[in-house]
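For reference, the structure is listed below as structure tokens.
Numbering (my numbering), first residue to last: 16 to 182.
Pasting the structure below:
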């Protein structure tokens, strides 16, 4: 960027932008011409676009990793439930015709109990399944990039050393 501003341009801007420009010129101790020149240079440069695109790609990467985790958990839950249903229907005894009414009312009672328990678990965070299998399902490598893993290890070691100093 050239330090001397020689070309003159007349342009019209909105009163709000004029107010912002005057305010920024006061606070940054730069002239309005210098601020407009910097803004035009940034507009013509692709660095801002690259930085913005980099942030978008980082966010998409994080969202894809979260989506992978959710789809894996959902598939595991569906397979577990399908396996449970298979065993349940395989091992459930035949019901005599005379006991069908009593069995149906008992089934409704058990279903209501199940729904109540499920509702209370979900109100409390619904993480029973995740806690039970967290050692098997999740590792840091699945959800973090290598640079994030290095930062995580650094933070963990700092937390351990600061915890040792507090004792």
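The beta carbon of each residue, even a glycine, is placed where N, CA and C say it ideally should be.
> For the alpha helix (DSSP H) that residue 8 lies in, which residues bound it at each end?
Replying inline: Not covered by the structure: residue 8. The range shown for the chain is 16 to 182.
> If you draw a straight line from the C-alpha of residue 51 to the C-alpha of residue 63, how long is it?
Replying inline: The C-alpha of residue 63 is placed about 16 Å away from the C-alpha of residue 51.
> How is residue 51 classed by DSSP in three states: helix, strand or coil?
Replying inline: Correct three-state label for residue 51: helix.
>> Rounded to the nearest angstrom, what separates residue 171 and residue 162 at their Cα positions?
In response: Residue 171 and residue 162: Cα-Cα distance of roughly 14 Å.
> Thinking C-beta only, is residue 28 closer than 9 Å to residue 36?
Replying inline: In this structure, residue 28 lies closer than 9 Å to residue 36 by Cβ.
>> Distance check for residue 80 and residue 72, CA to CA, integer angstroms please.
In response: Our two residues, residue 72 and residue 80, have alpha carbons roughly 12 Å apart in a direct line.
> Short check: CB of residue 53 to CB of residue 45, under 9 Å?
Replying inline: A contact, by the Cβ cut-off of 9 Å.
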